[in-house]
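To keep things clear, I will list the structure first and then write my remarks on it.
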RNA sequence: GGACGCGUAGCUCAGUGGGAGAGCGCUCGCUUCACACGCGAGAGGUCGCAGGUUCGAAACCCGCCGCGUCCACCA
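In this note's numbering, the protein residues as written are 4 to 889.
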């Protein structure tokens, strides 16, 4: 140990790159991250990581969420360390196959090779994706390691693994048998980019400026109607014109028919409450095959569905008329031109509205009718709503609760089929002879109806279908595995707001339906980190910041601290300063520990250090003070972590380490720690008492900070603790209430105020840094702290009575409860001293006036709480004493 | 259109009923025997605007202005 301590001497900086990989390897080797499936499920703690996409690389959202979960996991793991019987902590790790994203990535690679998935064929393509995943799919897991994330790496899951796939098929069959999964021809969000249907949640509205065309349709038998549209190309699919049933203007039009320009089809004029009387002319064209609203109206009125745009985004051969084969956009221009030629364009106005785009491919959504598989969510939603209402699932911060409940209350069917190749193929089999549909977890031999050959559905499931099973499928469900028994349900799910519906709500629904329990008790919604300028962090905008690069630059501890410190209950801008603050903290803690250890070892020798009392032998007022403050920060930090208040947890540690431990405590006791080469004349007991307190405070502080900054604290633990145990497996410090000492706090904090006042005064009168100034304390409340006040403020305190000191004083410095009289002015700027005295007196006077005014207010004295009134009275008295002395 | 949130020091943000705070930046002074990624001392704010509640408002309520996010089927 002595040799190890000695090597610290030359390490004047904490160099993260030097220690991170070494320490991480020790953690991995220790097995601490991999709990056996044992213990009491009520007391075990588990988190299922939101599975990153295999295609992904670590971005700021991952880095923040990784830091948050790791704080929780490390905190709980340490808390579990001293429990009997022991409890287990598990962070479930894995990745998501991410259907569309991964398929797109591989297709891009194929394109670069001059081939395509269609040329390869389905089987070869899927094999290609698996290869790709073997090669590149591990990046993000390695990046989580760089962050220090203490996931259970021994059991990594993947949403397409065999076991997981069985769970997915099993769920599909169960829900089909309940009648909740069904097949329907319905209008869907067609994404021409990925050539697949997508769900409502994968559509984003973008505000765009379009032209709103007003077009005249003639009526059969004379007259006309004028309809408005931003999508004239869809008019070829019109099958009705609608007006509002209460619209007096058009009452007699209902039942007549309009003639569709360019096509000549007769369109019935119908009445439907959906039509807004005060929008445009109050006359609306109905295109059931290409507009979700019109689709519903069409169903109500039994209208024909004429599809004019196909899945390739082009006008169809069947109904596209002379525009067949054109893209929708080309068709728009051509249709407008043709209408104009006939003089049917009544107006073309600029119009701003929301246009749906695919969140996946970025292409404009083409609503069209398609045969897809849907899941009815109403029955699933009911208990999931109740779970949140009852508090069985808590959403933090709770303003997201209402968002969840509102969305769940109005939940709509979920289109779960995707026209992709990469994913879970639907466990649906069609008979080639009689068309009978079989839904089964494993492929039946033949059609049960006619014995005909079966063909499996080509479509795969929406990626989120498998993600919805994540917290239990990763633990082996539907098998009743030991893991499932002790780690399910999990404790918390931490994520950003954007996947609250897409993922979180669906996990709650599926969890309750399939396991009978909500999959987690808390949902923590963390900040979205924006670019420093407030824009979105994105590659395309060039606003992205790479967390790995930040880790390389500042260390993982710094990045973790920074992200936690900047996070909040709302979205925040990335703050490089907070990361620097974290780096500074790691370095500070390193140096403080290094300093203390070197001095203590030099002063006592290694044998004596090893035999030191583990508990502090507090003696002096500063010892009592720091121990009391330590107890406070221990209480606060644990409470903040449990309240998901990570920002205050991190910043509170910073404030303690800087503002109390280093700036004050270490400075105060420095002189009692003999220099390496200087034998001390202090007695043995005093040295041991100080050493014991100092090492106790440092051990506790280092352990306390471990969940936030695990690397530097683990490194320091190696020097502070002789046992060789890893800090990650040690118990979390718990506040010792007997150390709370409010008297010491009051006394020391007053001394600190006085020291700061004198230092400020010294600065303003041009006193040189090293110069000692003769003075006398004229305040009754510094008996215990006078020596340290003198040392820290560089005063040469003389004895004697206060009144005579005032007589011979050249100038007075105000301190809490009195003054310090300066007895010699050699080398001081007396004019500046006088100016300062006057200025301080003036400030005191103003403040005294303010308090007097308050106390003179009868309303204040009568109605304010007694404690507040007393507080103001005390303060008034104190300030008056100071002012008089000045 | 609905919901939620934000507007506090040059910047990024705490503070949510009784003395305006932090980090960074800025100024001044320190090669003080842990740390110059350091130490000490400072300057800097009509707490978006207007009204109300209260003995007392940055905080609570109402309105307005500005900004952001989510949800929603007005062509």
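Note that CB positions come from ideal geometry on N, CA and C, so glycine has one too.
Keep in mind it's a predicted model, so treat the numbers as computed, not measured.
Annotation: residue 623 to residue 736 spans about 23 Å, alpha carbon to alpha carbon.
Under a 10 Å Cβ-count criterion, residue 282 is classified as exposed, with fewer than 16 other Cβ atoms of the shown protein chains found around its own Cβ.
In chain order, 815, 817, 822, 840, 843, 844 and 847 place their CB closer than 8 Å to the CB of residue 889, counting only its own chain and leaving out the 5 sequence neighbours on each side. Under DSSP, residue 350 takes part in a beta bridge, and its partners are 217. Taking all protein chains in view, the Cβ of residue 745 is surrounded by fewer than 16 other Cβ atoms within 10 Å, so the residue is classified as exposed.
Three or more Cβ pairs closer than 8 Å define a contact, and the stretch 782 to 792 falls short of that threshold against the stretch 851 to 867. When the beta-carbon positions are compared, residue 366 and residue 422 stay at least 9 Å from each other.
For residue 817, the enclosing beta strand (DSSP E) begins and ends at 814 to 818. Its chain contains 655 as the residues whose beta carbon lies nearer than 6 Å to that of residue 639, once the 5 sequence neighbours on both sides are disregarded; these appear in chain order.
The distance from the Cβ of residue 781 to that of residue 753 is about 15 Å, inconsistent with a contact at the 8 Å cut-off. Collapsing the DSSP output to three states places residue 97 in a strand. Nearest neighbour of residue 602 by Cα position, chosen from 695, 631, 653 and 529, turns out to be 695. When the beta-carbon positions are compared, residue 175 and residue 444 come within less than 9 Å of each other.
Annotation: the continuous beta strand (DSSP E) that includes residue 185 extends over 184 to 194. Apart from the 5 residues on each side of it in sequence, residue 428 sits with its Cβ closer than 7 Å to the Cβ of 459, 460 and 463 in its chain, given in chain order. DSSP places residue 254 in no alpha helix (DSSP H); its state is neither H nor E. In this structure, the straight-line span from the alpha carbon of residue 808 to that of residue 676 is close to 34 Å. If the five residues before and after residue 824 are omitted, its C-beta is found closer than 7 Å to the C-beta atoms of 778, 779, 781, 808, 809, 812 and 815, all from its own chain and listed in chain order. According to the DSSP assignment, residue 777 belongs to the beta strand (DSSP E) that extends over 776 to 781. With a beta-carbon spacing of about 7 Å, residue 287 and residue 244 fall inside the 8 Å limit used to define contacts.
Residue nearest to residue 516 within the set 885, 8, 233 and 178 is 178 (criterion: CA-CA distance). Of the residues assessed, residue 277 falls on the exposed side of the cut-off, its CB having fewer than 16 other CB atoms within 10 angstroms. In this structure residue 426 is buried. Its beta-carbon is surrounded by 16 or more other beta-carbon atoms within 10 angstroms. Judged by pairs of C-beta atoms under 8 Å, the stretch 712 to 727 touches the stretch 21 to 31, as three or more such pairs exist. CA-to-CA, the gap between residue 94 and residue 360 works out to about 36 Å.
Residue burial is scored here from C-beta neighbours: residue 613 has fewer than 16 other C-beta atoms within 10 angstroms and is therefore classed as exposed. Secondary structure within the stretch 646 to 709: the alpha helix (DSSP H) runs of 4 or more consecutive residues, fully enclosed, are 649 to 658 and 687 to 708 (chain order). Remark: C-beta atoms of residue 96 and residue 144 approach each other more closely than 9 Å. Nearest to residue 100 by alpha-carbon distance, out of 81, 133, 333 and 621, is 133. When the five nearest sequence neighbours on each side are left out, the beta carbons in the same chain lying within less than 6 Å of the beta carbon of residue 557 are those of 582 and 586, in order along the chain. By the Cβ criterion, the stretch 63 to 79 is in contact with the stretch 532 to 552, since at least three pairs of Cβ atoms, one from each stretch, lie closer than 8 Å.
If one requires a minimum length of 4 residues, the alpha helix (DSSP H) runs lying completely within the stretch 271 to 312 are 295 to 304, in chain order.
By the criterion of a C-beta distance shorter than 7 Å, residue 653 is surrounded in its chain by 564, 567, 568 and 711, once the five residues flanking it on both sides are discounted.
A direct Cα-to-Cα measurement between residue 321 and residue 297 gives close to 20 Å. Judged by DSSP in its simplified three-state form, residue 764 adopts helix. Nearest to residue 48 by alpha-carbon distance, out of 150, 58, 72 and 311, is 72.
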